[in-house]
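Engineer: Residue 1 is where the sequence shown starts when you use full-length UniProt numbering, and the numbers rise one by one after that.
Backbone N, C-alpha and C define an ideal beta-carbon position, used for all residues, glycine too.
Below is a structure I'd like to ask you about.
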Amino acid sequence: MPLTSLLGSVGAGIVIVLLIFVFLMIFTGFTLIDLFQTAAKPVKRMEQVYIEKAQEKEERAAQASFNIDVPLDKESKFMPAHPVEAPKGTGAAAMSPEEEQAWAEAELLKQQAQATAKKLRESEQIREEANKKPMELVEELPPIKAPDPVEILDGPEEEPAAVSAIPPFAVEDAPPVIQTDSPKEEGFQFDFGGAVTEAPQVHPRPPLSLLKEPGPARTGDENEQQNGEILIETLKSFGVRASIIDIARGPAVTRYELQPAAGVKISKITNLADDIALNLAAAGVRIEAPIPGKPAVGIEVPNKNVGLVGIREIIDSKEFEQSKSKLTVALGKDVSGNIAVADIGKMPHMLIAGATGSGKSVCINSIIISLLYKATPDEVKLLMVDPKVVELGVYNGIPNLLVPVVTDPRKAAGALNWAVNEMLNRYKLFADNGVRDLKGFNKLANSKEEEALKPLPEIVIIIDELADLMMAAPNEVEDAICRLAQMARAAGMHLVIATQRPSVDVITGVIKANIPSRIAFAVSSQVDSRTILDMGGAEKLLGRGDMLFYPVGMPKPLRVQGCYVSDSEVERVVAFVKEAQDADYDEDVMEEIEKQAVAEKGSGGDGGGFSDEDEMLPKAIECVIEAGQASTSLLQRRLKLGYARAARLVDEMEQRGVVGPFEGSKPRQVLMTRQQWIEMNMQKDE
C-alpha cells in the first residue's frame, strides 16, 4: 500500500486511526474541547473528593488540638458538682483521683477561656464596624455563656461545644449600647469609645397631605376651534394670510400658533392685536412674535374658565422632586400646561413687581413654602423683611429664619447691611481655605480632612415691599441691595425683592441693572412694564397670578399662571415645621442689625451731639469734609437735595462752626477736620 511503503506499517496505522477519529468527530459533531471536558470530569471529581477529605482531616486535627495558652483563673465557682472521669489513654501511668480532678478542672477552664476569647473577638469586630458608622446604633450584644464542661468532655470529638445552663460568663467591660428603631432620632447616644455625643437633629419634610389636592384638569373650551376660525378670518380680512399649526391649552390662556404665509410681515400681525380681541370678544390678547424655537407667531387668548393651579400639583411633580438644587421653587404652569419651576441659585437674584392684587404676595408665599419642602434649616436660611407687617408675620417661629421677620423699615436697612458684612466675611473665609464659592467650601467642610470647618447654609433674603424701604432709607437700602446683587452669588446669598410700585424711583437703574431675573405681574401701563422687563407685555396680563417670568439667559419672557397657596395651607405647613423643631434665632445677627439700623426719622440720633437738626446734617458734614469745601450746589449734587434744604444745611453747618462764612462766589472753607468729626461722634455715643 502507498501508506505502508511511505510511512511504514506503524505510521500507516497511526494515520488510519487519526483519519477514523476525525471522521467520527465530523459525523457526530464531537469536538476536541468536548473530549477534553469529558476526560477532565473524573479528574475534577477525584480532586474535589480529595480536597473534602483533606479539609475534614484538618478540622478534626484542629478540634483535637483546640488548646489556647490562656492564664488559668484560680477561682472554681464554675466547677461541676459531680466528679469527671479522665479520658483514657492520656498518659502512660494511671492518675490518682486528685490528679484526675485537677486535670478535669484545667481542661474545663481552658475550654471556657477559649469560648470567651472567641466571643470577645466577635464583639470587637462588631464594635469596629459600628465605629465606622457612628450615626448607626447596633443591637445590644447578647451575654456570652460558658460551655457545659460535661458536653465538652463527653461529647463527640467532631461536634462543637454546646452552650449549657451554667451561669453566664458575660463580658463586663463592654460599653452600654442603645437599641432603637430610629437611628436618626434626636437626643444623646453613647459612642463605642464610651463618650456621650449629641445626635444631629433630624428635620422631617412637611407631608404633601398638608396641601390641598389639585382639582380636575381643565378639558379645553368647546369654542377653541371656533375661535381659531374667527382668528383666521379676521387676519384674512386685513390681508394677512396665515394658518394655525397648533393650539396650546394652558390654565389661563390658550395660545394659537400661526404660521404666516410667504411674504407676510410679522409687524402686520402684531399691529392687529386690538382688532383680534374685538372679533374674539376677549378682554385682551397678547401676541408673541415669533415664538422662541418655532417658526410661528403666538396669539394668546384668555380662557373663559380659568383653571386654578394648586401648589401641591407643582411640588408633587417630577420636575420639582428631581431637581437637585435646594433653592428650587414652584412657579406654576406655562401656556402649554407644562410645570414651571425655577432655581434661585441660578438666577441669582429676582425682582417681583406688579400692581396691587396681581398676585405678588401669593408668589412670595409659594416661594417660601417651596423652600420649606425642598431644603432643611441647615441647608437654607431665610431673612425676611416685611414693612407691611401682616404678610410674612405668619412665618415667625420657623427654624429656617435667621431672625424674626423684620417689620421696621429702619431695621430693614440694618438687616441688609448685616447681609453685606456676612457676604464679606464669607469671601474672606473662602480665601483662607482656597475655595471659590459656597459649594466648594461646603464640600471641603464635609470632607474628613477638614473636621474643624462647618458647612454654611445658603441665605435667601426676601423683601416683600421695596417701595416703603426706599422711602424710609433710600441711600442705605439701594447701596446694600446693589452690593449684594453684584457680589453675593458665590457667597450663597440671594435676593428676592417684591414691590407694587414699579416706578423709576423705587426700581432704580442701578437696582435693575444688578438684578437680572424678573417676574412681572399685571401692571396698569406699558411704561411700568418697561420699567420691570425693559419691554411691554405685562400691561396685557389678566391678573390673579398671571405672570411673565423673565430669568437671566432667556431671550423672551415666559408666560406662567402662578400656583396658588391659601392662607390655611400656609398655616398648616408652618405649624408642622414649628412642631418638628423650635426656632433658633441667631442672637449675634439680631444684635448686629440693631447696631446698624438707621436712626428713626426726626429723632436727631446722628447729629454729632446736636439735639434739633436735619437728619441729613451728618451726611452733609461728611460730604464737605471729604470734599474740602462747602457750597449749596455741592450738597445738591452729592445728596440729591433741593436748593432750599441744601442752603439750610449750609447755614446750620456755619452755626455749628463746621464751615466758614459766606465769601461771595467762592466756596466756603471747611473748619473741621475728619478727626474732630470722629471725636465728636464718639463723645455723643458715650
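How would you label L416, buried or exposed, when you count the other beta carbons within 10 angstroms and need 16 or more for buried?
Structural biologist: buried
Engineer: Per DSSP, which one or two residues make a beta bridge with K333?
Structural biologist: I339, Q561
Engineer: Would A522 be called buried (16 or more neighbouring beta carbons within 10 Å of its own) or exposed?
Structural biologist: buried
Engineer: Excluding the 5 residues preceding and the 5 following E75 in the sequence, name in chain order all residues of the same chain whose CB lies nearer than 7 Å to its CB.
Structural biologist: Here E75 scores only 44 on pLDDT, less than 50, and its place in the model should not be relied on; the value that follows carries that caveat. For E75, where only same-chain residues beyond five positions count, there are no Cβ hits under 7 Å.
Engineer: Using the DSSP secondary-structure output, state which residues sit across from K666 in a beta bridge.
Structural biologist: Answer is E663, bridged to K666.
Engineer: From G602 to D408, what distance separates their C-alpha atoms?
Structural biologist: Below a pLDDT of 50, predicted positions are generally treated as unreliable, and G602, at 42, falls in that range; no measurement from the model is reported.
Engineer: Take P474 as the anchor and find which of G414, N446, A342 has the nearest alpha-carbon.
Structural biologist: G414
Engineer: Below 8 Å between beta carbons: does that hold for A353 and A575?
Structural biologist: no
Engineer: To the nearest angstrom, report how far apart I68 and E105 are at their CA atoms.
Structural biologist: Note on I68: pLDDT 43, under 50, position unreliable in the model; the coordinate value appears next. Roughly 15 Å between the two C-alpha positions.
Engineer: Between N396 and the rest of its own chain, which residues show a CB-CB distance below 6 Å, the 5 nearest in sequence each way excluded?
Structural biologist: P404, V405
Engineer: Could you tell me whether the segment 372–392 touches the segment 560–568, where touching means 3 or more Cβ pairs closer than 8 Å?
Structural biologist: no
Engineer: Does T632 come out as helix, strand or coil in the three-state DSSP assignment?
Structural biologist: helix
Engineer: Who are the Cβ neighbours of E391 in its own chain at under 7 Å, not counting the five residues just before and after it?
Structural biologist: Answer for E391: S361, D464, listed in chain order.
Engineer: Whose CA, out of A480, T254, T234, lies closest to the CA of G337?
Structural biologist: Closest in alpha carbon position to G337, among A480, T254, T234, is T254.
Engineer: Taking buried to mean at least 16 other C-beta atoms within 10 Å of its own C-beta, is G657 buried or exposed?
Structural biologist: Counting Cβ neighbours within 10 Å, G657 comes out exposed, since fewer than 16 surround it.
Engineer: Using the C-alpha atoms, what's the distance from K57 back to M46?
Structural biologist: C-alpha separation (whole angstroms): 16 Å.
Engineer: What alpha helix (DSSP H) runs, 4 residues minimum, are completely inside the segment 521–545?
Structural biologist: 526–533
Engineer: Run through DSSP, which three-state label would P618 get?
Structural biologist: helix
Engineer: With distances taken between CB atoms, is the gap from residue 693 to Y373 smaller than 8 Å?
Structural biologist: Nothing can be reported for residue 693, as the shown portion of the chain is limited to 1 through 686.
Engineer: Expressed to the nearest angstrom, what Euclidean distance is found between the alpha-carbon atoms of G263 and G298?
Structural biologist: 18 Å
Engineer: Alpha carbon to alpha carbon, how far is L542 from S529?
Structural biologist: C-alpha separation (whole angstroms): 14 Å.
Engineer: How about I287 and S370: do their beta carbons lie closer than 8 Å?
Structural biologist: The Cβ-Cβ distance between I287 and S370 does not fall below 8 Å.
Engineer: Which one of D34, A342, L235, K346 has the shortest CA to CA distance from F549?
Structural biologist: A342
Engineer: Excluding five sequence neighbours on each side, which residues of the same chain lie with their C-beta closer than 8 Å to the C-beta of I311?
Structural biologist: L211, A330, S366, I369, S370, C563, Y564, V565, E569
Engineer: If you draw a straight line from the alpha carbon of V560 to that of S317, how long is it in whole angstroms?
Structural biologist: 16 Å
Engineer: With distances taken Cα to Cα, identify the nearest neighbour of K265 among A252, P295, G8, K346.
Structural biologist: P295
Engineer: CA-CA distance, K236 and E539?
Structural biologist: 27 Å
Engineer: Using the C-alpha atoms, what's the distance from L258 back to E229?
Structural biologist: 12 Å
Engineer: Look at the alpha carbon of N271 and the alpha carbon of M554, and state the distance between them as a whole number of angstroms.
Structural biologist: 25 Å
Engineer: Can at least three beta-carbon pairs, one atom from the segment 614–622 and one from the segment 582–594, be found at a separation below 8 Å?
Structural biologist: no
Engineer: Should T673 be labelled buried (16 or more other beta-carbon atoms within 10 Å of its own) or exposed?
Structural biologist: exposed
Engineer: Excluding five sequence neighbours on each side, which residues of the same chain lie with their C-beta closer than 6 Å to the C-beta of I497?
Structural biologist: L351, I463, L466
Engineer: Using DSSP with H/G/I as helix, E/B as strand and the rest coil, what is V460?
Structural biologist: strand
Engineer: Please check the pair V240 and I269, which I expect to be a contact at CB under 8 Å, by giving their CB distance rounded to whole angstroms.
Structural biologist: About 6 Å; that satisfies the 8 Å criterion.
Engineer: Shortest alpha-carbon distance to V527 belongs to which of P551, L634, A419, A355?
Structural biologist: A355
Engineer: Report the rounded CA-to-CA distance for K556 versus G537, giving the unit in angstroms.
Structural biologist: 11 Å
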